[in-house]
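Read top to bottom, the protein sequences are chains A and B. Residue numbering for the first sequence follows our numbering, starting at 1 and increasing by one per position. Residue numbering for the second sequence follows our numbering, starting at 1 and increasing by one per position. The beta carbon of each residue, even a glycine, is placed where N, CA and C say it ideally should be. Remember, predicted model here, so these are calculated numbers, not experimental data.
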Amino acid sequence: GAVVSQHPSRVICKSGTSVKIECRSLDFQATTMFWYRQFPKQSLMLMATSNEGSKATYEQGVEKDKFLINHASLTLSTLTVTSAHPEDSSFYICSAAWGYANYGYTFGSGTRLTVV
Amino acid sequence: GESVGLHLPTLSVQEGDNSIINCAYSNSASDYFIWYKQESGKGPQFIIDIRSNMDKRQGQRVTVLLNKTVKHLSLQIAATQPGDSAVYFCAETENQAGTALIFGKGTTLSVSS
């Protein structure tokens, strides 16, 4: 149980275009989802926390107008990288919290974004 | 905000040895800790977790130790196998609604046969 599906797994886009990454909870309702970014040989850095039906909370230094997060339903959150540039090339990973009182966390398989 | 760190970036062991990976955390309010394994190009894979009301927890070939006094966490892997080669992260959270996991820097474990 508690499976998160993330798509696409890899995407290459041209500089200046936008890319959407989807994160779906398959067998549970995720009231809270998290988006992380991971550069090569580095750790996962939290970008934002999204709650269903409300605006996402972004970490310091993450541009909310560039990384648009939508959490319109309890099973789907999307991250759109707008006007992508080569420096946005990274591994993006979503996560969802599940349970009550003692929360569990499950992760998507990640999306490798390459901006050329 | 506060973050979780790791003492060593790499650890090389021989197959069959026991491995110990360490982690120091700084948020005294954290009460839930998880160790993850990450292989290249994949998302984090849950290994074992521990809550702050415990100081030791065992799984299959893995043991997590928590020392709240010095804010230290360790992962012990018994009889390390080549398939254990990966990057290992500790993560911590206050485990309240809407609170994210914060990850440490990671330790790369290399197992040679």
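In angstroms, rounded to a whole number, what distance separates the CA positions of residue i and residue j?
{"i": "LYS55 of chain A", "j": "LEU76 of chain A", "result": "14 Å"}
{"i": "SER30 of chain B", "j": "GLN60 of chain A", "result": "20 Å"}
{"i": "PRO86 of chain A", "j": "LYS14 of chain A", "result": "9 Å"}
{"i": "SER50 of chain A", "j": "ALA97 of chain A", "result": "11 Å"}
{"i": "SER40 of chain B", "j": "SER85 of chain B", "result": "10 Å"}
{"i": "GLY98 of chain B", "j": "SER113 of chain B", "result": "43 Å"}
{"i": "GLN60 of chain B", "j": "ALA24 of chain B", "result": "23 Å"}
{"i": "GLU52 of chain A", "j": "THR93 of chain B", "result": "20 Å"}
{"i": "SER28 of chain B", "j": "GLN96 of chain B", "result": "14 Å"}
{"i": "TYR36 of chain B", "j": "LYS64 of chain A", "result": "28 Å"}
{"i": "ARG10 of chain A", "j": "ARG57 of chain B", "result": "36 Å"}
{"i": "LEU65 of chain B", "j": "LEU113 of chain A", "result": "36 Å"}
{"i": "GLY16 of chain A", "j": "VAL81 of chain A", "result": "10 Å"}
{"i": "GLU15 of chain B", "j": "THR80 of chain B", "result": "5 Å"}
{"i": "GLY30 of chain A", "j": "SER12 of chain B", "result": "According to the sequence shown, residue 30 of chain A is Ala rather than Gly. Their Cα atoms are separated by approximately 38 Å."}
{"i": "VAL174 of chain B", "j": "ASN18 of chain B", "result": "Any question about residue 174 of chain B goes unanswered here, given that chain B covers just 1 to 113."}
{"i": "ASN53 of chain B", "j": "ALA72 of chain A", "result": "36 Å"}
Using the three-state DSSP reduction, which class does residue i fall into: helix, strand or coil?
{"i": "GLY104 of chain A", "result": "strand"}
{"i": "GLU92 of chain B", "result": "strand"}
{"i": "HIS7 of chain A", "result": "strand"}
Beta strand (DSSP E) containing residue i: first to last residue?
{"i": "SER25 of chain A", "result": "19–25"}
{"i": "ARG10 of chain A", "result": "10–13"}
{"i": "GLN38 of chain A", "result": "32–38"}
{"i": "SER50 of chain A", "result": "45–51"}
{"i": "THR114 of chain B", "result": "No statement about residue 114 of chain B is possible, as the shown extent of chain B runs from 1 to 113 and does not include it."}
{"i": "LEU113 of chain A", "result": "111–115"}
{"i": "HIS71 of chain A", "result": "67–73"}
> If we count Cβ pairs, one from each stretch, closer than 8 Å, do we get three or more for the segment 17–29 of chain A versus the segment 82–98 of chain A?
Replying inline: In short, these stretches touch, since the Cβ pair count reaches three.
> Any chance the segment 66–73 of chain A sits against the segment 99–113 of chain A, with 3 or more Cβ pairs inside 8 Å?
Replying inline: The answer is no - the segment 99–113 of chain A does not touch the segment 66–73 of chain A, with fewer than three Cβ pairs under 8 Å.
> Are the segment 27–47 of chain A and the segment 97–112 of chain B in contact at 8 Å, needing three or more beta carbon pairs?
Replying inline: Touching, yes.
>> Threshold first: 3 residues or longer. Then list the beta strand (DSSP E) segments lying entirely within the segment 5–75 of chain B, N to C.
In response: For the segment 5–75 of chain B, whole beta strand (DSSP E) runs of length 3 or above, ordered along the chain, are 10–14, 19–25, 32–38, 45–51, 56–58 and 62–67.
>> Could you check whether the segment 65–83 of chain B touches the segment 9–22 of chain B, counting it as contact only if at least three pairs of C-beta atoms, one from each stretch, sit closer than 8 Å?
In response: Judged by pairs of C-beta atoms under 8 Å, the segment 65–83 of chain B touches the segment 9–22 of chain B, as three or more such pairs exist.
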